[in-house]
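If you're matching positions, the sequence shown starts at 2 in this note's numbering and goes up one per residue. Even for Gly, the Cβ is constructed at its ideal location relative to N, Cα and C. What follows is one structure encoded as structure tokens, with my remarks underneath.
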Amino acid sequence: GDAEWTVDDQKLGEALKRHFGHERFRPGQRRIVELAIAGHDQLILMPTGGGKSLTYQLPALLLPGLTVVVSPLIALMHDQVDRLRENGIAATFLNSTLAAGERTRREQAIAQGRMKLLYLSPERLLSEECLAFLEYVQRQGGLSLLAVDEAHCVSEWGHDFRPEYRQLAAVRERFAALPTLALTATATERVRQDILVQLKLRDPHIHIASFDRPNLHYAVLAKDKGAYAELLGRLRRLDGASAIVYCQSRRAVEALAERLVADGLNALPYHAGMAAEMRSRHQTQFLRDDAPVLVATVAFGMGIAKPDVRAVFHYELPRNLEGYYQESGRAGRDGQPADCVLFFSPGDRAKIEYLVAQKSDPHEQRLARSQLAQMLAYAESTVCRRRILLGYFGEALAEADCGGCDNCRSPVATQDRTVDAQKLLSCVARCQERFGLRHIAQVLRGANTQKIRTQGHDRLSTYGIGADLSQAEWLHLGRTLVHQGLLIETTDGYPVLKLNALSWEVLRRQRTVTAARLPARPTSPQPADAA
Ligand code: ADP
Ligand code: ZN
2 GDAEWTVDDQ KLGEALKRHF GHERFRPGQR RIVELAIAGH DQLILMPTGG
52 GKSLTYQLPA LLLPGLTVVV SPLIALMHDQ VDRLRENGIA ATFLNSTLAA
102 GERTRREQAI AQGRMKLLYL SPERLLSEEC LAFLEYVQRQ GGLSLLAVDE
152 AHCVSEWGHD FRPEYRQLAA VRERFAALPT LALTATATER VRQDILVQLK
202 LRDPHIHIAS FDRPNLHYAV LAKDKGAYAE LLGRLRRLDG ASAIVYCQSR
252 RAVEALAERL VADGLNALPY HAGMAAEMRS RHQTQFLRDD APVLVATVAF
302 GMGIAKPDVR AVFHYELPRN LEGYYQESGR AGRDGQPADC VLFFSPGDRA
352 KIEYLVAQKS DPHEQRLARS QLAQMLAYAE STVCRRRILL GYFGEALAEA
402 DCGGCDNCRS PVATQDRTVD AQKLLSCVAR CQERFGLRHI AQVLRGANTQ
452 KIRTQGHDRL STYGIGADLS QAEWLHLGRT LVHQGLLIET TDGYPVLKLN
502 ALSWEVLRRQ RTVTAARLPA RPTSPQPADA A
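Next comes the structure, spelled out in structure tokens:
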């Protein structure tokens, strides 16, 4: 538009150095900043630690008015504002904890154009009082930009849905002309679409940074009798370097931390049920390298940037793959090699399945079930783990496999599975590409279920032709075909299998399929230094 602000190259680089002390932009940052200054709406996907904040903070400094930042994490908000102020940047936040006098003082500073960045929680922004105030600022020509951090919170398909985020649509309508940046570290294709629609982004520039973290080595180990010794051995071999061990429950955190301490490791527990004072003490001790091992629930980590974590262990199965990517991604922020190890047992799987079945809301149950299926696809896979993780974020692994994960380093023996694959694919075709893997496997095995009878699938020619393989084996083959791109699994709501051109090549015998059989039982290697 005619109000476009332009900034020349040199000036941007100078501002980057002056305000943030950085020598150069990271890939993508410059273009995002330029487009923000030019008034374009944008959706920005960058992994945690990728440098998203800068992409709205720098425009905020170069644009004439105020940039409003919506962030769901109040604690982080204080932190960020403090850090900006230390760098001499005029930033502030408004929330309900402020005394009336202080709030008035801050509002005055904003109204007089003395602030560049205003951080708000969504609840705060949505209050009529706040909206009216911002409208007043806007009438003075004082609003430049809206940045919505953690934008995936608008989507119930993400892992962190927040109903208040839904209402941001109304804010976007009231400030329709205000250029908007939506930022997130986690968004599948479905979540991306939700963000675009909910936040009413107009002709947005979509920036997707790679989610690949080449220095991380992914592995899955059996959580069997030897699992604790394996964990202990690995922690000892880290020789004082930092590691995080995630558990799902507070009780598990306490128990594991105690056991590690009894075995001579300096391990501290961390979970939301602990007294705030002790929790923050443990966090500080870990960050300062006074204690190398932190045993934590997912309560730990949001916004914590310790660069030299050498390993992240998951001692219990996480609920979803997005969460796993985030938590394991806290390893190796410094770019040096680090391990991401998941301990997995079929028992954990049953435990989560049980919890999912307890959910009373069928919609929630469906979401949880599809998230669990994706997590299992990762845990039980015999193909490259990085390929699966990146595939989850809609990113294809460029060349062959990564070469660094457990499945790449010690590949499971594969064999020609073309005939089994043909059985499975033709069953998908006969069921008219309208059913999920579990059902297909049941048809192949000739199961006698209500669903099979009502659909008349017991009369299909593929009914019972796969009774020689177990249900688990069929599920495994199906997932492998999906990972190899020979079969499509839609991920919206009920996962449904569909055929693509490659599936038809297999069916027409123009393509062979090589895949591993399901390992009889996952086995964990013996710890080198048996405890
Ligand atoms: P995100 O919000 O994407 O998780 P941050 O904005 O917190 O990431 O940035 C992560 C770290 O990267 C911060 O320490 C930040 O100072 C640093 N950083 C960002 N941009 C650059 C850059 N161009 N050069 C060097 N460091 C940068
Ligand atoms: Zn690999």
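Beta-carbon proximity list for residue i, same chain, < 7 Å, skipping 5 on both sides
i    : result
L202 : D42, L44, T181 and A183
V82  : A92, T93, F94 and Y120
I111 : L67, L119 and V138
G52  : R27 and Q30
D459 : I453
Same chain, Cβ closer than 6 Å to residue i, neighbours up to 5 away in sequence not counted
i    : result
D362 : none
L17  : H23
H153 : G159, T185, T187, A188 and V192
L322 : Q375, M376, Y379 and Y393
I209 : L46
C341 : L217, Y219, V313, S329 and A332
L261 : A268
A517 : T383, V413 and T415
Residue i CB to nearest heavy atom of ligand 1 below 6 Å
i    : result
L85  : no
L55  : yes
H23  : yes
G324 : no
R27  : yes
T455 : no
G50  : yes
M539 : Nothing about residue 539 can be read from this structure; the chain reaches only from 2 to 532.
heavy atom of ligand 2 below 6 Å from residue i C-beta
i    : result
D335 : no
C341 : no
D402 : yes
C131 : no
R387 : yes
C406 : yes
C409 : yes
Residue i in three-state terms, based on DSSP
i    : result
L126 : helix
E231 : helix
L95  : coil
E103 : helix
H23  : coil
Y495 : coil
Y464 : coil
T515 : strand
E434 : coil
C341 : strand
G445 : Checking the displayed sequence, the identity of residue 445 turns out to be Leu instead of Gly. L445 falls in the helix class under three-state DSSP.
I209 : strand
Q109 : helix
L13  : helix
S243 : strand
T481 : helix
T450 : coil
V34  : helix
H43  : Before going further, note that residue 43 is Gln rather than His in the sequence given. Three-state DSSP puts Q43 in a strand.
T489 : The sequence given here has Ile at residue 489, not Thr. DSSP places I489 in strand when its eight states are reduced to three.
Close beta carbons around residue i, own chain, < 8 Å, minus the five adjacent residues each side
i    : result
G114 : G66, L67, Q141 and G143
R167 : V155 and Q199
R125 : L95, N96, S97 and C131
D534 : One cannot answer for residue 534 here, as it falls past the ends of the chain, which runs 2 to 532.
I75  : N96 and S122
E474 : R518 and L519
A306 : G50 and R334
T515 : T415, Q416, D417 and R418
Item to check | Runs of alpha helix (DSSP H) lying entirely within the stretch 130-200, each at least 4 residues, in chain order | outcome: 164-167, 169-175 and 190-199
Checklist entry - What are the start and end residues of each continuous beta strand (DSSP E) run of 3 or more residues lying completely inside the stretch 278-320, in chain order? => result 294-297 and 310-315
Item to check | Secondary structure, alpha helix (DSSP H): runs of 4+ residues fully inside the stretch 373-420 | outcome: 386-393 and 407-410
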